[in-house]
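A.B. asks: Residue numbering for the sequence shown follows the working numbering, beginning at 22 and increasing consecutively.
I have a structure I would like to understand better, so I am pasting it below and will then ask my questions one at a time.
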Amino acid sequence: MTEFQENARAAEAAMRSVFEPTPLQRNDHLSERYGAEILLKREDLSPVRSYKLRGAFNAMRKVLAARPDTATFVCASAGNHAQGVAYMCRHFGVKGVIFMPVTTPQQKIGKTEKFGGDAVAIRLTGDYFDDTLAAAQAYCAQVGGHFLSPFDDEDVIEGQASVAVEIEAQLGGMPDHLILPVGGGGLSAGVRSYVGARAALTLVEPAGGACLGAALAAGEPVRLRHVNTFADGAAVAQIGARTFARLADIDPARAMVIEEDRLCTTMLEMLNIEGIVLEPAGALAVDALKDMAEAIRGKTVVCVTSGGNFDFERLPEVKERAQRFSGVKKYFILRMPQRPGALREFLEILGPEDDIARFEYLKKSARNFGSVLIGIETTRPENFAPILTRLDAAGFEYRDITRDEVLAEFLI
């Protein structure tokens with residue numbers, strides 16, 4: 022057994038004084054679909070609904086053991102890391118100062134306050150995370166506190182590896198295949214370092230934050246120019262230096278990238294069929310099964326559902342994204358003739374399974390035509406082919422903007 026494996030086991034054992042192991046549950050729905058033994062490691066059922074409290078616990082435990090007089094822990098986060106740090110500050114009875122962007126939703130601020138209680142102070146600073154991070158590090162240096170990195174810290178990596186320690190104990194050994202999400206790399210680096218070659222590993226990241234893929238291509242961590250924050254639990258601009266050192270020799274074929282809209286279909290499926298609430302990053306490992314059906318057939322597979330901190334006010338957006346990805350909802354800019362009967366003619370083009378979900382004049386003029394934003398929702402993707410055929414035959418001019426990110430951002 023390596024030193025890292027011993028340390029990960031010690032960290033997992035120490036955690037038992039704070040919280041119980043998260044469940045490892047066989048999922049009948051997924052197992053039947055893929056002809057495999059699919060189990061979910063339910064990190065979404067931890068006390069803070071994510072795995073992040075593991076790394077926070079282990080890092081704080083070690084710091085306080087070495088320097089018991091450490092008075093203040095500081096972090097910068099608008100999500101799960103903040104909640105994990107807050108929870109552990111209250112557990113250890115130490116002061117925590119958590120910096121969050123000014124734009125952080127009140128729901129996340131409230132949850133962090135709830136977990137930390139009187140032990141935590143929250144400071145809203147900066148419109149963008151880089152500004153928040155700089156302010157947190159400056160404050161930490163000023164007060165002589167300890168900065169808690171969300172992932173790029175050896176003790177955090179070691180703490181996150183406790184996920185694999187629990188899986189091994191609960192399963193009585195390693196599964197054939199482990200699937201887990203990647204953000205900054207703390208969880209994946211820890212699990213890989215503990216598991217070694219004892220199980221196949223697939224790492225999954227969102228398309229709008231594929232920092233592992235970029236680092237593997239460049240041979241070193243690189244900063245992404247743009248990050249899509251929809252899957253905020255895994256949307257990281259640059260993978261950590263320490264985490265990448267443990268992942269640099271991963272076969273790029275084992276690093277998957279999944280489009281954010283596709284994630285939404287899995288979130289809805291797990292909610293509607295299984296009653297499991299997953300945040301976008303928490304659905305990454307389950308969604309990856311769609312691309313692995315043949316490779317995993319007949320095998321034992323563990324998917325790490327890394328978090329369930331989902332604000333239900335986002336549910337309409339998730340449904341919208343899922344419908345657009347599935348092809349049952351499309352948006353068009355339609356050139357509508359400005360004459361009596363034109364709208365009726367358009368409505369007659371729609372079939373019995375088609376419905377208008379959005380109708381908005383973008384521009385009316387004194388001339389003969391107006392521009393209309395129209396959203397059409399149907400029951401099956403193939404219903405759109407005859408709609409477009411009838412539009413062409415009737416002489417309507419239109420443009421499909423469903424996949425036009427720029428126009429969709431402003432109009433939909």
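Every residue gets a Cβ at the ideal spot worked out from N, C-alpha and C, and that includes glycine.
#1: Which value, in whole angstroms, describes the spacing of the CA atoms of Gly-303 and Met-357?
#2: Using the Cα positions of Leu-299 and His-198, report the straight-line distance between them to the nearest angstrom.
#3: Whose C-beta lies closer than 8 Å to the C-beta of Thr-91 among residues of the same chain, with five residues either side of it excluded?
#4: With 16 as the cutoff for other CB atoms within 10 Å, does Met-22 come out buried or exposed?
#5: Are the beta-carbon atoms of Ile-377 and Ile-422 separated by less than 8 Å?
#6: From this set, Met-121, Glu-189, Ala-162 and Asp-332, which residue's C-alpha is nearest Gln-128's C-alpha?
#7: Using C-beta distances below 8 Å, list every residue in its chain close to Ala-309, excluding the 5 sequence neighbours before and after it, in chain order.
#8: Look up His-167 in the DSSP assignment and give the residues it is bridged to.
#9: Where DSSP assigns a beta bridge to Leu-60, which residues make up the other side?
#10: If you run the structure through DSSP and keep just helix, strand and coil, what is Val-84?
#11: Within this structure, are the beta carbons of Thr-326 and Asp-151 separated by less than 8 Å?
#12: Suppose only complete runs of 4+ residues qualify. What are the alpha helix (DSSP H) ranges in the region 201 to 276, listed by chain order?
#13: Alpha carbons only, please: which of Ala-162, Gly-147 and Ala-103 is nearest the one belonging to Ala-140?
#14: Which residue wins for smallest C-alpha separation from Asn-330, given the options Gln-46, Ala-57 and Pro-68?
#15: Roughly how far, in whole angstroms, is the beta-carbon of Gly-105 from the beta-carbon of Leu-154, given that I think they are within contact range, below 8 Å?
#16: Check whether the region 231 to 242 and the region 262 to 277 touch, using three or more Cβ-Cβ pairs below 8 Å as the test.
#17: Where does the unbroken alpha helix (DSSP H) through Glu-41 begin, and where does it stop?
#18: With a Cβ-Cβ cutoff of 8 Å, do Ile-433 and Tyr-352 count as a contact?
#19: Rounding to the nearest angstrom, what Cα-Cα distance links Arg-337 and Gly-254 in this structure?
#20: Measure the C-alpha to C-alpha separation of Glu-290 and Asp-49 and round it to an integer number of angstroms.
#21: What are the residues that DSSP puts in a beta bridge with Lys-351?
#22: Quick one: is Glu-434 buried, meaning 16 or more other Cβ sit within 10 Å of its Cβ, or exposed?
#23: Less than 8 Å between CB atoms is the rule here; does Asn-101 satisfy it with respect to chain B?
#24: So Arg-318 and Tyr-55 are in contact, right, with Cβ under 8 Å, and what is the actual spacing, rounded?
#25: Express the C-alpha separation of Val-427 and Ile-260 in angstroms, rounding to a whole number.
#26: Is it true that the CB of Ala-238 sits closer than 8 Å to the CB of Cys-285?
#27: So Met-109 is in the alpha helix (DSSP H); what residue range does that whole segment cover?
#28: Per DSSP, what are the beta-bridge partners of Phe-390 in this structure?
#29: Tell me the DSSP secondary structure of Ala-182 in three-state form.
#30: Express the C-alpha separation of Phe-120 and Arg-144 in angstroms, rounding to a whole number.
#31: Leaving out five residues on either side along the sequence, give the residues of the same chain with a beta carbon under 7 Å from the beta carbon of Gly-117.
#32: Considering Phe-120, what are the terminal residues of the beta strand (DSSP E) in which it resides?
C.D. replies: With the structure as the only source:
#1: 43 Å
#2: 21 Å
#3: Val-84, Leu-85, Val-115, Gly-166 and His-167
#4: Per the 10 Å Cβ criterion, exposed.
#5: no
#6: Asp-332
#7: Ile-200, Thr-223, Val-225, Met-277, Ile-279 and Cys-324
#8: Beta-bridge partners assigned by DSSP to His-167: Phe-94.
#9: Beta-bridge pairing links Leu-60 to Arg-47 and Val-323.
#10: helix
#11: Contact: no.
#12: 207 to 216, 232 to 239 and 262 to 266
#13: Ala-103
#14: Pro-68
#15: Contact doesn't hold; Cβ gap of about 17 Å is too wide.
#16: yes
#17: Premise fails: Glu-41 is in no alpha helix (DSSP H) and is neither H nor E.
#18: yes
#19: Note that residue 337 is Pro in the sequence shown here, rather than Arg. So the alpha carbons of these two residues sit roughly 19 Å apart.
#20: Cα to Cα, the separation comes out at about 14 Å.
#21: Ile-397
#22: The requested residue 434 does not occur in the structure, where the chain is confined to residues 22 to 433.
#23: Chain labels in this structure do not include chain B; a single protein chain is all it has.
#24: 7 Å
#25: 27 Å
#26: no
#27: For Met-109, the enclosing alpha helix (DSSP H) begins and ends at 101 to 113.
#28: Pro-358
#29: coil
#30: 5 Å
#31: Phe-94, Val-106, Ala-107, Cys-110, Gly-137, Ala-140 and Val-141
#32: 116 to 121
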